[in-house]
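Read the structure below first, then the notes.
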Amino acid sequence: GQQVMQIPQYQHVQEGEDFTTYCNSSTTLSNIQWYKQRPGGHPVFLIQLVKSGEVKKQKRLTFQFGEAKKNSSLHITATQTTDVGTYFCAGTGAGSYQLTFGKGTKLSVIP
Amino acid sequence: NAGVTQTPKFQVLKTGQSMTLQCAQDMNHEYMSWYRQDPGMGLRLIHYSVGAGITDQGEVPNGYNVSRSTTEDFPLRLLSAAPSQTSVYFCASSYGDRPLGEQYFGPGTRLTVT
Chain A
205 GQQVMQIPQY QHVQEGEDFT TYCNSSTTLS NIQWYKQRPG GHPVFLIQLV
255 KSGEVKKQKR LTFQFGEAKK NSSLHITATQ TTDVGTYFCA GTGAGSYQLT
305 FGKGTKLSVI P
Chain B
481 NAGVTQTPKF QVLKTGQSMT LQCAQDMNHE YMSWYRQDPG MGLRLIHYSV
531 GAGITDQGEV PNGYNVSRST TEDFPLRLLS AAPSQTSVYF CASSYGDRPL
581 GEQYFGPGTR LTVT
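Line by line, the protein sequences give chains A and B.
Numbering (the numbering used here) for the first sequence: 205 to 315.
Numbering (the numbering used here) for the second sequence: 481 to 594.
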């Protein structure tokens, strides 16, 4: 079955430093979605990418979808304490009805 | 709009007991799904539904049953609880009959099986 790997598992950064998490799929994806989950909360949708090579920005967050549609990344510029949480990528293969999640990257920001 | 609601928020079961986790959405979404979240494991798909009367298995379906008699409701049944089913359970829904857009998650049910 489809597998989605995400690295790193944990990342500790000083406030103001940048942060990147990477996502790789074993198969080509129709779409890649990114979610943020705060401690004790539920996943909250951030963005979806569907086109090869697509880049989208949301303020300090930059999302990329690889040319082969098998990998993606989320980059946060100048982290803030409000960025703390676990970031998940999730993808759907062509024709699939299932959304497969990576294991997430837990971000800690040291003030 | 209440969005996606789940009950109960917390539950403790003894091994062998049965229970139903409730999930409801008021957004007229066709696609609904159940995930379990364990530490370090991300979210794993248990069952999903593409519309009323249609359900299918996800990655980890063993020990769980679902039904979808209405568009709004998608209950998850544990027939005979086991300690391995201790987890946080999330229900989600989205537009269309595939998970090709934003998934709206409920607040979760924290289940402990002793």
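Quick reminder that beta carbons are idealized off the backbone N, C-alpha and C, glycines included.
For residue i, the three-state DSSP class (helix, strand or coil)
i: residue 290 (chain A); result: strand
i: residue 234 (chain A); result: strand
i: residue 491 (chain B); result: strand
i: residue 497 (chain B); result: coil
i: residue 565 (chain B); result: helix
i: residue 535 (chain B); result: strand
i: residue 589 (chain B); result: strand
i: residue 283 (chain A); result: coil
i: residue 308 (chain A); result: coil
i: residue 523 (chain B); result: strand
i: residue 256 (chain A); result: coil
i: residue 594 (chain B); result: coil
i: residue 481 (chain B); result: coil
i: residue 578 (chain B); result: coil
i: residue 207 (chain A); result: coil
i: residue 241 (chain A); result: strand
i: residue 559 (chain B); result: coil
i: residue 540 (chain B); result: coil
i: residue 270 (chain A); result: coil
Residue interval of the beta strand (DSSP E) (run including residue i)
i: residue 486 (chain B); result: 484-487
i: residue 506 (chain B); result: Counting along the chain, residue 506 (chain B) falls outside any beta strand (DSSP E), and DSSP gives it neither H nor E.
i: residue 217 (chain A); result: 214-218
i: residue 259 (chain A); result: 259-262
i: residue 546 (chain B); result: 544-546
i: residue 248 (chain A); result: 248-253
i: residue 229 (chain A); result: 223-229
i: residue 300 (chain A); result: Where residue 300 (chain A) is concerned, there is no enclosing beta strand (DSSP E), given that its DSSP letter is neither H nor E.
i: residue 549 (chain B); result: Note, residue 549 (chain B): premise wrong, no beta strand (DSSP E); not H, not E.
i: residue 583 (chain B); result: Residue 583 (chain B) -> no beta strand (DSSP E), and no H or E assigned at all.
Contact with chain B by residue i, beta-carbon distance below 7 Å
i: residue 253 (chain A); result: no
i: residue 216 (chain A); result: no
i: residue 307 (chain A); result: yes
Residues that residue i contacts on chain A, provided the C-beta gap is smaller than 8 Å
i: residue 539 (chain B); result: 205, 302, 304
i: residue 554 (chain B); result: Those within 8 Å of residue 554 (chain B) in chain A number zero; the least Cβ separation is about 14 Å.
i: residue 578 (chain B); result: 296, 300, 301
i: residue 596 (chain B); result: Nothing about residue 596 (chain B) can be reported from this structure: the residues present for chain B run from 481 to 594 only.
is_contact[residue i, chain A] using C-beta, thresh 7 Å
i: residue 490 (chain B); result: no
i: residue 531 (chain B); result: no
i: residue 591 (chain B); result: no
i: residue 563 (chain B); result: no
Amino acids of chain B, ordered along the chain, whose beta-carbon sits closer than 7 Å to that of residue i
i: residue 228 (chain A); result: Simply none; closest approach about 14 Å.
i: residue 234 (chain A); result: 580
Residues that residue i contacts on chain A, provided the C-beta gap is smaller than 7 Å
i: residue 521 (chain B); result: 307
i: residue 588 (chain B); result: 246
Whole-number beta carbon distance between residue j and residue i, since they are thought to touch under 8 Å
i: residue 525 (chain B); j: residue 511 (chain B); result: With 8 Å as the limit, residue 525 (chain B) and residue 511 (chain B) do not qualify as a contact, their Cβ atoms being about 12 Å apart.
i: residue 234 (chain A); j: residue 282 (chain A); result: The Cβ separation is near 32 Å, so there is no contact.
i: residue 578 (chain B); j: residue 301 (chain A); result: 6 Å
i: residue 517 (chain B); j: residue 484 (chain B); result: Residue 517 (chain B) to residue 484 (chain B), Cβ: 15 Å. No contact.
i: residue 556 (chain B); j: residue 546 (chain B); result: 6 Å
i: residue 246 (chain A); j: residue 490 (chain B); result: No, residue 246 (chain A) and residue 490 (chain B) are not in contact; Cβ-Cβ is about 14 Å, not under 8 Å.
Within chain A, the residues that residue i reaches when beta carbons sit closer than 9 Å
i: residue 536 (chain B); result: 301, 302
i: residue 569 (chain B); result: Simply none; closest approach about 11 Å.
Closer than 8 Å at the beta carbon, the chain B residues around residue i
i: residue 249 (chain A); result: 582, 583, 584
i: residue 292 (chain A); result: 522, 523
Distance cut-off 6 Å: residue i Cβ against heavy atoms of the ligand MG
i: residue 582 (chain B); result: Ligands displayed in this structure: none; no statement on the ligand MG is therefore possible.
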